[in-house]
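Just below is one structure, and these are the notes that go with it.
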Amino acid sequence: MFRIEGHPRQACDGISRRTLLEAAGAGLFGLSLPGLLADEARAKPAAPRARSVIFLFLFGGPSQLETFDLKPEAPEKIRGPFRPIASRTPGLLIGEHLPRLAEISDRFCVVRTMTHPYNDHSGAAHYIQTGKIWHVPIGGGFNPTPRDWPSMGSVVEYLARREPGGMDRPAPAYVVVPNSLGRLQESGQYLRPGEHAGWLGRRYEPLTTVVDKKDRTDNPYWRACEDAELTFAIEGLDPAQGVRLDRTNRRLSLLEQFDDRRRALDRAIPLRDFDQFRRRALAMVTSEATRRALDIRQEPDRIRDRYGRHLFGQSTLIARRLIEAGTRFVTVHYDACDGYGWDSHVHSDDVKDHLLPTFDQALSALLDDLAARGLLDETLVVAMGEMGRTPQPTPRWGRGHWSRLFPAVLAGAGIRGGTVFGHSDKDAANVVDHPVTPESLAATIHHALGIDHEMRLIDPLGRPVPLVDGGRPLVELFG
Amino acid sequence: MRGSIRILAIVAIIGQAPGRAGAADGRVSFATDVQPILTRLGCNQGTCHGAQYGKGNFKLSLKGFDDESDYREIVRAAFGRRISTSDPVASLLLRKPTLRMAHEGGRRLVEGSPAYKTLLKWLQQGAPGPAATDRRLKALVVEPKEIVLQPGASAKITAKAIYEDGSSELLSEKALFESQSPMVAQIRDDGAVKAAGARGESAVMVRYLSSVAATRVIVPYGSTVSLNGFRPNNLIDTLWVETWRKVGLSPTSTCDDAEFFRRIHLNTLSTLPRPEDLRAFLADTSPDKREKAIEAVLKRPEYVSAWAHKWGDLLLNSREAAGKKGMWSLHNWLRESFRANKPMDVMISELITAIGSPYQNGPANFYKIGTPEQWTESTAQVFLGVRLQCARCHNHPYESLLQADYYAMKAFFSRVGKKTSQEFGLAGGDTVIFVRESGEVSHPRTGQLLKPRPVGGAPVDDPIDRRRALAAWISSRENRALARNLVNRYWGYYFGRGLVNPIDDLRATNPPSNPELLDALADDLVAHHYDIKHLLRTIMRSRVYQLGSVARPESRADAENRYVTHFAPTRIGAEALLDAVDLACGTQEKFKGLPSGYRAIDLPDSGYDSEFLDTFGRPRRAVPCECERSDAPTMTQALLMISGGLLNRKVSDSKGRVARLVAAKTPPEKAIEELFLGTLSRLPTPDESREAVADVKAAPTLKEGLEDMLWTLLNTREFQFNH
């Protein structure tokens, strides 16, 4: 799907010179030489399996021992109080609070052996969503920076714009729902890195929606939400302050009338760019398609109930609506409204009472729903956190940060369901075989989308840098 | 042509003194014969074996900067299986690139070619390694510097190596010739260059060992140049006329008064003109009214705000890095400097040599912010326009910058220390920047101690504070590095594109669009003691700056406006745009923690919450690169202007411009005029006025009609661009 223009003649890393030049703009030098081009074109990348990706991001780090990597033989302290239940996948035990997922485990693959060294939330969120370790060391910061690596979604947006007619699509290729990560966290002061466009440039930022909580202590992920709350308002659009549609339309016709007078300015490149974005924005303000995709009330009650009326369920459902409307990459954040969420250092009763049940409901509904609509074959679904939890519990029935081992669930787009990848040790502490780095996860997702994960992008210093450095696509996961 | 070059090359070889490791005595040198081949074939480029982790388990240094390591990798690594001196032809080094064995990088080498023969000979001689007797390159001479090629014509670029031992060598068979725009100039391996079809300019880069040089190749856009009444006013104009003649482009006509007035305000003050000033200017009939307006603008207080803000960006001033007090201290020092129009060389020297308390001494925050690496990189990039970052880890791939240059530059800062001032008995968490008596920097690869040496200069030192030597070097009247950087930066700020572009990437292989002008303006700036207002005055007075914003049809082929045939519209930056919206709406944004009256360009750092400023791309001051400020349009920006709450609130503010016009029962014609002056900085044309009045009258109420009109004007390209 993401074929690069000028495909046949490629440099030795598989990118066409034309693409390099286009991506680089002025100032790039030394890469344009004919000598850069290999004489033989390599047929690459493989045909895409996924038309789109739904990425369910369980921020905070769900415990491997309470979800997909149970250790009934481990000491009581380590295995925790939850009982394992059987699943449809041979050899896979699942935590008892994920019964619906256990029932449909033939639809997904569990990668047990995700691992990376960044044992903290912000940097790990960056690592998982970009496939690149964060340049800020642990403790060095929490917020996104302009030097961050572009998220996988931003790369998809970048490439989608370069497809023929890409700029004229009103639907954005990359959307984040229900909020940018961090917005609903207790104080809302930390926006977390990872989902952003980073140095690729702000024009490849996701389209992000906004759903508010009622007050500081409210947690809409853990309760049924009213329709009026589920605004999924587009960030930048301000419905409370907005004007009536008829007045908006009058303004737009005035704008057309008065802006036309300066048509002579049109030819300048920055003006053309500006116009394209304005056209897309106008389309979004006035077009029914996007409005409808983000209007949860259009969905039948039966389906909404199946996903769960909580914010995670309804956001997951919105993700399905968006990919139906043409979006290529949707990230659904399970944010930590109470400051903990999946980061269950203490009072892990919330894990049992809220986190696992809402996740169980939403993901199982999504997989069933996609399958029923015939969309599962062309949609890659990924569900995971940015880390796992310590096998040793904390004194107040919780677990600490543990990025050395944690699971990821992958489904759809040809992923073989009912399988398990990798082995962990007896305490679910370390990888025994088949470690999977965030680089390899990113390479796998790009591979599914037909994107060459070694493709070079031109960074702000004009250097050609590989999209993913060092990972490998886990082709064996696909059927 | 090819034959004659061969002859030349042979002459050069015969001309060499005997007895050296070199082609002359038949001995093949790894450093000066094998390495250039690997570079020329592309083996060690960044996308192949020169990548950080190499390719296919075979890793070479980027463009062959590390002879020792490359030799080990080729001869010894992989259990020596890459070469066979007993059966040279069977060496992987030859079989892979000739595709006698599968090679992911394809065919790179042709059997029997001169390069193949050299490699084979080197293997037959037992693959000798780099040696102390290897000739060392003193200079790479590339001629000519500039070629104007008519379509279809061709020419020859010659490259010559001059070695430290006095010998020299023609490099048609050894250097790597690369064309930046092969559509414009096609280059052959031997340096023969041909106009390929497209018009315009292409730099041709020549690389040999760790040196690079460039030739500008220009294929004129047209054969006739019409100046359309353009009359030069100063050196800028004269030198552009020469360039237009050379490249075959014609300038557009001069902009009108209103456009000129808006332009000098936005460029110099980041602020829209006040409607009353604009009316007075339009009414003025004196012939020198533009000159008077330029002088008036240079005296306005917003000048201080605009440039203190700009330099706050460049110096990465922020409360996170400098603390709130340090941030204000640096900000206030910048304001003071611009208020006094302090010579820029003095300002830069004060920054470089700062010591003491960052709370009390503004420039000392330069050292409060960041690490020795960042001081090194910022000094190079912000003050000298050189991107040194690449050389931190390897020799710069497109410039003759070695890793040693980076660390020699860093040596200036190796004795700067920071400590908390508690030790000195000061309260309040201040820091002290001081100079130690010792502290050295060594080369990360060779371990050799490096003497302080400015990038592009000779070693300099100072017995007390090395930084004083650096400051003296930078501000020396013989040195143009700072002046060229400043001229290019400010040119870029005024024209949206530097003479060298990007504006902080000055290097031999990125030639300016008008080299004579860059030199002349740099000389002029030094002659005027780094008086930046003098430079701005020269720019604004030039007829080139006063050109209209629409290119003539025959000049549109230069889509990037590299040759400044018109004034290319640029987007108004985040802060200026917010202030412009406020001026247009008659409102005033309030920033939390600051008294009212602070406009966006007055902000000392980006730590003041503003969704608008963030959305429109204000930099977070994390990297010293102009690229951090993003003027690229985004979806959210477009949405914010079209349907955002902030804009709607301002348009319909109960004390705003529209409310006041309505309360004063202003007649619609007059009200429309006010709205145009406050947004587009011009009067409406009669047509616009008539239509706008009709539209306003057709609205349910006068207030709603005027609000919609104001909203419309704010959303026009004409408002959101400087043109």
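Residue numbers (the working numbering), protein chains in the order written: chain A, 1 to 479; chain B, 1001 to 1723.
All C-beta atoms, glycine included, are put in the ideal place defined by N, C-alpha and C.
In this text, all values refer to a predicted model and were calculated from it rather than measured experimentally.
* Does the distance from the CB of alanine 1185 (chain B) to the CB of valine 1204 (chain B) come in under 8 Å? -> yes
* Take every Cβ of the region 157-164 of chain A, pair it with every Cβ of the region 47-67 of chain A, and state whether three or more of those distances are shorter than 8 Å. => no
* Drop a sphere of 10 angstroms on the beta-carbon of arginine 1081 (chain B), count the other beta-carbons inside from all chains shown, and report buried for 16 or more, exposed for fewer. => exposed
* glutamate 1691 (chain B): contacting residues in chain A (beta-carbon distance under 9 Å) -> Gln257, Phe258
* DSSP beta-bridge partners for arginine 1726 (chain B)? -> Since the displayed chain B opens at 1001 and closes at 1723, residue 1726 (chain B) lies outside it and no answer follows.
* Quick one: does glutamate 378 (chain A) have its CB under 8 Å from some CB of chain C? -> Annotation note: the requested chain C is absent from the structure, which comprises protein chains A and B.
* Asked: By a C-beta neighbour count over all protein chains shown, 10 Å radius and 16 as the cutoff for buried, is methionine 384 (chain A) buried or exposed?
  -> buried
* Give a yes or no on whether 8 Å exceeds the smallest Cβ distance from tryptophan 1711 (chain B) to chain A. => yes
* Coil, strand or helix - histidine 1723 (chain B) by DSSP -> coil
* **Beta-carbon neighbours of alanine 1632 (chain B), restricted to chain A and to distances below 8 Å** => Gly201, Arg202, Arg203, Asp273
* **Below-8 Å beta-carbon distance, isoleucine 1642 (chain B) vs any chain A residue** => yes
* **For serine 344 (chain A) and glycine 400 (chain A), the rounded distance between their alpha carbons** => 7 Å
* If we call anything under 8 Å between Cβ atoms a contact, is arginine 1339 (chain B) one with valine 1304 (chain B)? -> yes
* Under 7 Å Cβ-Cβ, which residues of chain B neighbour alanine 281 (chain A)? -> Met1635, Ala1638, Leu1639, Ile1642
* Amino acids of chain A, ordered along the chain, whose beta-carbon sits closer than 8 Å to that of cysteine 1390 (chain B) -> Leu461, Arg463
* **Neighbour list for leucine 207 (chain A) in chain B, Cβ cutoff strictly below 7 Å** => Met1635
* Partners in chain B for arginine 147 (chain A), counting only beta-carbon separations shorter than 8 Å -> Ala1622, Val1623
* To do: Return the CA-CA distance between threonine 419 (chain A) and aspartate 1066 (chain B), expressed in angstroms with no decimal places.
  => 48 Å
* **Continuous alpha helix (DSSP H) assignments of at least 4 residues falling wholly in the region 99-142 of chain A** => 99-103, 121-130
* Evaluate contact between the region 1681-1695 of chain B and the region 1531-1548 of chain B, counting only Cβ atoms and requiring at least three cross-stretch pairs below 8 Å. => no
* Asked: Going by Cα to Cα distance, which pick from B:Glu1373, B:Ile1236, B:Met1101, B:Leu1594 is closest to glutamine 1546 (chain B)?
  -> B:Ile1236
* Asked: What residue ranges within the region 1281-1366 of chain B form continuous alpha helix (DSSP H) runs of no fewer than 4 residues, ordered along the chain?
  -> 1289-1299, 1302-1314, 1319-1339, 1344-1352
* Pairwise C-alpha distance: leucine 1384 (chain B) and proline 34 (chain A) -> Caution applies to proline 34 (chain A), whose pLDDT of 26 falls short of 50 and renders its modelled position unreliable; the value that the coordinates give is listed next. Roughly 32 Å between the two C-alpha positions.
* Asked: Of all the options B:Arg1620, B:Gly1617, B:Pro1151, B:Asp1345, which has the alpha carbon lying nearest to the alpha carbon of arginine 1480 (chain B)?
  -> B:Asp1345
* Asked: Under three-state DSSP, which class holds isoleucine 1187 (chain B)?
  -> strand
* Give a yes or no on whether the minimum CB-CB distance between leucine 33 (chain A) and chain B is below 8 Å. => Low confidence applies to leucine 33 (chain A): its pLDDT is 26, below 50, so where it sits in the model is not reliable enough to give any reading.
* Is leucine 254 (chain A) close to chain B, meaning its C-beta is less than 8 Å from at least one C-beta of that chain? -> yes
* To do: Please confirm if aspartate 1582 (chain B) has its CB atom under 8 Å from at least one CB of chain A.
  => no
* Asked: What separation, rounded to the nearest whole angstrom, lies between the Cα atoms of proline 178 (chain A) and leucine 255 (chain A)?
  -> 32 Å
* Which residues DSSP lists as bridging glycine 95 (chain A), in chain order -> A:Pro84
* Asked: Thinking C-alpha only, which one of B:Thr1268, B:Asp1033, B:Leu1314, B:Pro1275 is nearest arginine 1618 (chain B)?
  -> B:Leu1314
* Determine the contact status of proline 1232 (chain B) and valine 1241 (chain B), defining contact as a CB-CB distance below 8 Å. => yes
* Asked: Does the beta-carbon distance from valine 1432 (chain B) to glycine 1356 (chain B) come in below 8 Å?
  -> yes
* Supposed close pair valine 468 (chain A), leucine 311 (chain A) - CB separation, criterion 8 Å -> No, valine 468 (chain A) and leucine 311 (chain A) are not in contact; Cβ-Cβ is about 31 Å, not under 8 Å.
* **Neighbourhood of alanine 1471 (chain B) by C-beta, 6 Å cutoff - its chain only, sequence neighbours within 5 removed** => Ser1349, Ile1352, Thr1353
* Does DSSP classify lysine 1697 (chain B) as helix, strand or coil? -> helix
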